[in-house]
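Peer 1: Same order as they appear, the protein sequences are chains A and B.
Residues in the first sequence are numbered from 39 upward in steps of one, following the numbering used here.
Residues in the second sequence are numbered from 545 upward in steps of one, following the numbering used here.
Once you've had a glance at the structure underneath, I'll fire off some questions.
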Amino acid sequence: MKKIIEVRDLKKIYKNGRGVTGVNFDICQGEIIGLLGPNGSGKTTIMKCITGLVNMDNGTVKICGTDIVDDFEKAIVNVGCLIETPSAIGSLSCYNNLKLISNFYSNVDSSRIDEVLQITGLSKYRNDKVKTFSLGMKQRLAIAMAIYQKPKLIILDEPANGLDIEGAKELRKIISGLAKEFMISFLISSHQIYEIEMLCDKLLIIKNGEIIENCDVNSVKNEGITLEDYFIEKTN
Amino acid sequence: MNTILTGTKNETFKIISKKKFIFLFSISILITIAASVINLLADRNLGAPLLNNTHLPITVLDFMSSLILPLFVLMLTSDLFSGEYSDNSIVMTLVRPITRNKLYISKILAIGISILGLLLGTFIISLAASLLGGNLSDCMDKLPSNFISYVSSVMPMLLIAIITAFAAQFTKNGSLTVVIMIMASVLMSAASLFIPELANFAPTTYLSWHRNFYSELNLPVITNEFLYMLAYGIIFMFAGTYLFAKKDIS
């Protein structure tokens, strides 16, 4: 299957000495990969390096064959993301926030704005200012922004944060639907092991900035142990 | 180039949607109307206007360039850089198909366009006010030089924006950036009191650059001051762009 992202020897060490080192993995088209690790293990750093939010010390990240350092615009056009907290302009309406990002994708019809608002259940709030939104609604908007251009890879960092039970279930449905219908790949980090178990095909376990396990979720289940016990066994 | 245009369009939209921008535009209109009304009242009650109505656009420009516009540029620039770092909204643009260098240029261009729009709006209103109480032919005679003065005052304001954008790379707080810039400006003014030669090198000296266009043009002075501003602009633009591109968003 076609590789959507190739990460090789990724290294980023912050001034406090923490970070990630020697990170290698690939994600193929339509795959949903879960990134699991204890707090501070480097999950968000990997995601930030892939999206260019932090500069890597070493290594390469290729998205659809394009190195993000060589041609950032060409590489990042294939990526949608939600990293840490939802990022939107509070003083603008939900619609105007999406309109701003739509300007960067001239090949996508602007009617897509209404489509993503419908998908994320924000249609009735389209003209409301984002500063009046709850965390869950902001999270929905950030997901709408991440899927707007129908990217080939979507990176979601704790996507169910702030979502209610129904919202989290809907989100899982959206992710599975996009992966199956449009063959969109996902890289998802979450502390909800149940969510990873239900959604992901593969699992990357990270500890102290290094990927210590790259496994198939179904093969773990077939061994007769829960993902939770498997994770604890590997990280201890 | 297309990406810079898209970025500039987006950043300009952000600026004109801000309450601060609408507030400042309202203030500049109010100042013009107030000056015009006071002048008319003085003419009726005291027998003579306080200032020649023909000079109204220039009086308004002097007032705005010395206080309101620089403050507005400081607030606007710190909002677009430090403000977006602090509320994390910068991430929304950084993960789009636009490089950081192009985004930085787009933000500066958007500030320039907004200042120009604000000045042109103020010019039209002040011109209308001056026509109401002034002599038509005098107003028309002064029209070209007044217009050039308004347009030329964008240059020093843009320089302030470029320096503020550079300073904003060191903070994550919009208010702190404004305070740093005001302190720097006060320090430079104080230093030039003790060492008058320093005044030529202080960027704040050129805030009154538009006055060069009021009457006869002194080309050597205009060129000299223009080159100073250009040099400062290039230095701070390169330094700011470099820092912006290397900054990790944590």
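Ideal Cβ placement from N, Cα and C applies to all residues, glycine included.
Can a CB atom of chain B be found closer than 7 Å to the CB of CYS119 (chain A)?
Peer 2: Taking Cβ atoms only, chain B reaches closer than 7 Å to CYS119 (chain A), which makes this a yes.
Peer 1: Identify whether ASN199 (chain A) lies in helix, strand or coil by the three-state DSSP scheme.
Peer 2: The answer is coil: DSSP assigns ASN199 (chain A) none of H, G, I, E or B.
Peer 1: Taking Cβ-Cβ distances shorter than 9 Å, what residues in chain B pair up with THR89 (chain A)?
Peer 2: Within chain B, the residues near THR89 (chain A) are VAL635, LEU638 and VAL639.
Peer 1: Quick one: is ASP623 (chain B) near chain D, going by C-beta distance under 7 Å?
Peer 2: Judged by its chain identifiers, the structure shown contains no chain D, and its protein chains are A and B.
Peer 1: So ASP195 (chain A) packs on ILE121 (chain A), CB below 8 Å; how close in whole Å?
Peer 2: Sure, about 5 Å apart at Cβ, within 8 Å.
Peer 1: With 16 as the cutoff for other CB atoms within 10 Å, does LEU613 (chain B) come out buried or exposed?
Peer 2: Under this definition LEU613 (chain B) is a buried residue.
Peer 1: Under a three-way DSSP split, which group does LYS564 (chain B) fall into?
Peer 2: The answer is helix: DSSP assigns LYS564 (chain B) an H, G or I state.
Peer 1: Inspect the CB distances between the segment 567–584 of chain B and the segment 595–609 of chain B and report whether three or more fall short of 8 Å.
Peer 2: Judged by Cβ distances under 8 Å, the segment 567–584 of chain B makes contact with the segment 595–609 of chain B, as three or more pairs qualify.
Peer 1: Determine, using beta-carbon pairs with one atom in the segment 734–743 of chain B and one in the segment 682–690 of chain B, whether at least three such pairs fall under 8 Å.
Peer 2: Result no; under three Cβ-Cβ pairs closer than 8 Å.
Peer 1: When the cut-off is 7 Å and only beta carbons count, does SER172 (chain A) lie next to chain B?
Peer 2: No, its Cβ sits nowhere closer than 7 Å to a Cβ of chain B.
Peer 1: So the alpha helix (DSSP H) CYS87 (chain A) belongs to, where does it begin and stop?
Peer 2: That run of the alpha helix (DSSP H) goes 81–88.
Peer 1: To the nearest angstrom, how far is it from the Cα of THR785 (chain B) to the Cα of TYR648 (chain B)?
Peer 2: Computed Cα separation, rounded: 6 Å.
Peer 1: For the alpha helix (DSSP H) that ASN632 (chain B) lies in, which residues bound it at each end?
Peer 2: Neither: ASN632 (chain B) is in no alpha helix (DSSP H) and is coded neither H nor E.
Peer 1: Between the Cα of LEU237 (chain A) and the Cα atoms of A:ALA206, A:ASP166 and A:SER144, which residue gives the shortest distance?
Peer 2: When each option's Cα is compared against that of LEU237 (chain A), the closest is A:ALA206.
Peer 1: Name the two residues that bound the continuous beta strand (DSSP E) containing CYS132 (chain A).
Peer 2: Run containing CYS132 (chain A): none in the beta strand (DSSP E); it sits in the alpha helix (DSSP H), 132–140.
Peer 1: Anything in the segment 554–565 of chain B with a Cβ closer than 8 Å to a Cβ of chain A? List those residues in chain order, please.
Peer 2: Hits within the stretch, in order: ASN554, PHE557, LYS558, SER561, LYS562 and LYS563.
Peer 1: By the criterion of Cβ-Cβ separation under 8 Å, what are the contact partners of MET183 (chain A) in chain B?
Peer 2: Correct list: MET636.
Peer 1: Residues of the segment 125–142 of chain A in Cβ contact with chain B at a cutoff of 9 Å, in chain order, please.
Peer 2: Taking 9 Å as the Cβ-Cβ cut-off against chain B, the residues of the segment 125–142 of chain A that qualify are SER125, ALA126, ILE127, GLY128, SER129, LEU130, ASN134, ASN135, LYS137, LEU138, ILE139, ASN141 and PHE142.
Peer 1: Helix, strand or coil: how does DSSP classify CYS102 (chain A) here?
Peer 2: If DSSP states are grouped into helix, strand and coil, CYS102 (chain A) belongs with coil.
Peer 1: I think TYR133 (chain A) touches VAL154 (chain A), with their Cβ atoms under 8 Å apart; what is that distance to the nearest whole Å?
Peer 2: No, TYR133 (chain A) and VAL154 (chain A) are not in contact; Cβ-Cβ is about 11 Å, not under 8 Å.
Peer 1: Measure the C-alpha to C-alpha separation of ILE65 (chain A) and ILE42 (chain A) and round it to an integer number of angstroms.
Peer 2: One C-alpha to the other measures close to 6 Å.
Peer 1: Which of the three DSSP states, helix, strand or coil, is assigned to SER223 (chain A)?
Peer 2: In this structure, SER223 (chain A) counts as strand in the three-state DSSP scheme.
Peer 1: Is GLN177 (chain A) buried or exposed, if buried means 16 or more other CB atoms sit within 10 Å of its CB?
Peer 2: It counts as buried.
Peer 1: Thinking just about the alpha-carbon of each residue, which of A:GLU266, A:ARG150 and A:THR83 is nearest to the one in TYR52 (chain A)?
Peer 2: Considering only alpha carbons, the answer is A:THR83.
Peer 1: Measuring only between beta-carbons, confirm whether PHE269 (chain A) sits less than 7 Å from chain B.
Peer 2: Not an interface residue.
Peer 1: Which bits of chain A does ILE793 (chain B) rub up against, with CB to CB less than 8 Å?
Peer 2: Here the neighbours are LYS86, LEU91 and VAL92.
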